[in-house]
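> Quick one: structure below, then a few questions.
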Amino acid sequence: MDRAIADSIQAQRKRRRWLAVAAGVLVLLGAVLAFRMVLKPSLRRGDILTATVETGEVEASLTAAGTVIPGREAVLTSPIQSTIRRVAVAVGARVKPGETILELDKELANSSLAKLDDEQLRNQNKNSQLQLTLERSLTDLRAQAQVQAVKVRSLQSALRDEQQLLKIGGGTAENVRQAELSLTVAQLEADRLTRQIQTQQRSNAADVRELGYTVSMQQRSIAELATKLRQADISSQQPGVLTWVNDNLGTTVQAGDALARVADLSSFRVRATISDSYADALHQGDPVKVRINDLDLRGTVASISPSVDKGVVTFYAQLDNPHHPALRPNLRADVFVITRAHHGVLRVKNGPFYQGGKEQPVFVLTNGGRVVRRTVRFGDSNFDFVQIASGLRAGEEIVVSDMKEHLDTPELNLHD
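Rendered as structure tokens:
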């Protein structure tokens, strides 16, 4: 005969069933959470770079490529067409004013000078011959004028005689008219000779001046070539350091070709190039920041080249401290032309995360070891910092590494 189960035993069995169900639910929840943790994207802290939002200054700037050059550099050119005979000073050596740096072959120039001297002697001889010829022709005209003057006086006397004879009845009126006509013709010839003499004198003076100009020009050519010959021993007019010299002995050089450069290395400036698309934003007097091996030097835009070469504009920056010991010739530098400056604004270090837009998503680190996506508005930027307009607070830490692969993920786990 069956016996009834005690109430205590039934209650105990019921508790065991509830405990088993609860344990199964907990195990299931744990498995689900574990599965979600496995599927949720995560990042290693060592694989990302972060930066903290801070308050500071942001200078909007244009980036240009620069080269440090001497503040003053003299380019020494060849005064004549010649060949390089000897180099007296090595590159890097200091030179004094008047010290010979390079010598050119003077043989061809000396031959040209001798030829000019001979031509000048011939011009001078031509001048003497011309003056004798002109004086001879002028003397002949003067002699003719004197003969004509005598003839006029003779005809004047004959006219008076005919007039006297006509008065006393010993002559005729026809003889008087004939004497007057002869006198008139003689006077006209005398006037013609006088004008011819004056014209010949002016013509002679013009011919002499013309040949004189030829002689003067030839003399200037001689003096110029003689000066160039004296300059064929190339030297500097200022003290400095020889930064370059054409040391190819025997090479033919033309007049005006650069042979050497002497620089004053006590001060420097910067030559920079920038894309012509930024030409309108570049102005003389704009402040600049020149970065050389993590050293920043301040200055201003001193001059801008008016021409564009292969899509770039060249400009020169004058440094506030052109004597800084870190400056060296031909040293590469980053040049930042400052267009605007913002003080006391939120900023964060520039990095691959910044795409140059005014609004974009960034990933912010939370206290719970997570990285959360957030949309942030940006302002101006430069090579170092980006201005935060909204979306972040001072002290927050963001990921500045490239996060393009996770832009569609709203949240990431962060682990060591």
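First residue of the sequence shown? That's 135 in my numbering, and the numbers climb one at a time after it. A virtual CB, placed ideally from N, CA and C, is assigned to each residue, including glycine. Source: prediction; values computed, not measured.
1) Indicate the three-state DSSP secondary structure (helix, strand or coil) for THR189 in the structure shown.
2) Would you mind listing the beta strand (DSSP E) stretches within the region 466-520 that are 3+ residues and don't spill past its ends, in chain order?
3) From this set, PRO456, VAL479, VAL496, which residue's C-alpha is nearest THR184's C-alpha?
4) Within 8 Å of any Cβ in chain D, is that where the Cβ of LYS230 sits?
5) Out of THR385, THR473, GLU296, state which residue places its alpha-carbon closest to the alpha-carbon of GLY419.
6) Just the Cα atoms here: how many angstroms apart are GLU296 and ALA283?
7) With the cut-off set at 8 Å, would you say ALA279 and THR328 are in Cβ contact?
8) Kindly identify the DSSP beta-bridge partner or partners of ARG178.
9) Once the 5 residues before and after GLY200 are set aside, which same chain residues still bring their CB inside 6 Å of it?
10) Can you name the start and end residues of the alpha helix (DSSP H) that THR361 belongs to?
11) According to DSSP, is VAL225 part of a helix, a strand, or is it coil?
12) Restricting to Cα atoms, I'd like to know which of GLY305, ALA277, ARG276, ALA313 is closest to ALA292.
13) Rounded to the nearest angstrom, what separates THR267 and LEU275 at their Cα positions?
14) Given that a residue counts as buried once 16 or more other Cβ atoms are within 10 Å of its Cβ, and exposed if not, what is VAL221?
15) Leaving out five residues on either side along the sequence, give the residues of the same chain with a beta carbon under 8 Å from the beta carbon of LEU300.
16) What are the partner residues of LYS423, as DSSP defines its beta bridges?
17) Which residue wins for smallest C-alpha separation from PHE512, given the options TRP152, LEU153, ALA194, THR234?
18) Where ASP341 and LEU255 are concerned, what is the direct C-alpha to C-alpha distance, given to the nearest angstrom?
19) From this set, GLN365, SER370, ASP518, which residue's C-alpha is nearest GLY232's C-alpha?
Judging by the given coordinates:
1) Residue 189 sits at position 55 when you count from the first residue of the sequence shown. Of the three classes helix, strand and coil, the one that applies to THR189 here is strand, per DSSP.
2) 466-483, 493-499, 504-515
3) In the sequence shown, counting from the first residue as 1, residue 184 sits at position 50. With distances taken between Cα atoms, THR184 lies closest to VAL496.
4) Given the protein chain composition of this structure (a single chain), no chain D is represented.
5) Stepping through the sequence shown from its first residue, residue 419 is reached at position 285. Considering only alpha carbons, the answer is THR473.
6) The residue labelled residue 296 in the question sits at position 162 within the sequence shown. The residue labelled residue 283 in the question sits at position 149 within the sequence shown. Each residue's alpha carbon lies about 20 Å from the other.
7) What you label residue 279 is simply residue 145 of the sequence shown in a count that begins at 1. What you label residue 328 is simply residue 194 of the sequence shown in a count that begins at 1. In contact: ALA279 and THR328 (Cβ atoms closer than 8 Å).
8) Reading the sequence shown from its first residue, position 44 is the one you call residue 178. ARG178 pairs with HIS549.
9) Here the question's residue 200 lines up with position 66 in the sequence shown. For GLY200, where only same-chain residues beyond five positions count, the Cβ hits under 6 Å are VAL404, ALA406, ALA467, VAL469.
10) Position 227 of the sequence shown, counted from the start, is the residue given in the question as residue 361. Per DSSP, THR361 belongs to the alpha helix (DSSP H) from 307-364.
11) The residue labelled residue 225 in the question sits at position 91 within the sequence shown. Reduced to three states, the DSSP call for VAL225 is coil.
12) Position 158 of the sequence shown holds residue 292. Nearest C-alpha to ALA292: ALA313.
13) The count along the sequence shown starts at 1 and reaches residue 267 at position 133. The count along the sequence shown starts at 1 and reaches residue 275 at position 141. C-alpha separation (whole angstroms): 13 Å.
14) For this step, residue 221 is matched to residue 87 along the sequence shown. Answer is buried; the Cβ neighbour count reaches 16.
15) Counting from one through the sequence shown, the residue named residue 300 turns up at place 166. Here the set comprises THR306, ALA307, ASN309, VAL310.
16) Position 289 of the sequence shown holds residue 423. Looking at the DSSP assignment, LYS423 forms a beta bridge with ARG432, PHE470.
17) Looking up residue 512 in the sequence shown gives position 378. It is ALA194 whose Cα lies nearest to the Cα of PHE512.
18) Position 207 of the sequence shown, counted from the start, is the residue given in the question as residue 341. Position 121 of the sequence shown, counted from the start, is the residue given in the question as residue 255. Cα to Cα, the separation comes out at about 18 Å.
19) Looking up residue 232 in the sequence shown gives position 98. Among GLN365, SER370, ASP518, the Cα nearest to that of GLY232 belongs to SER370.
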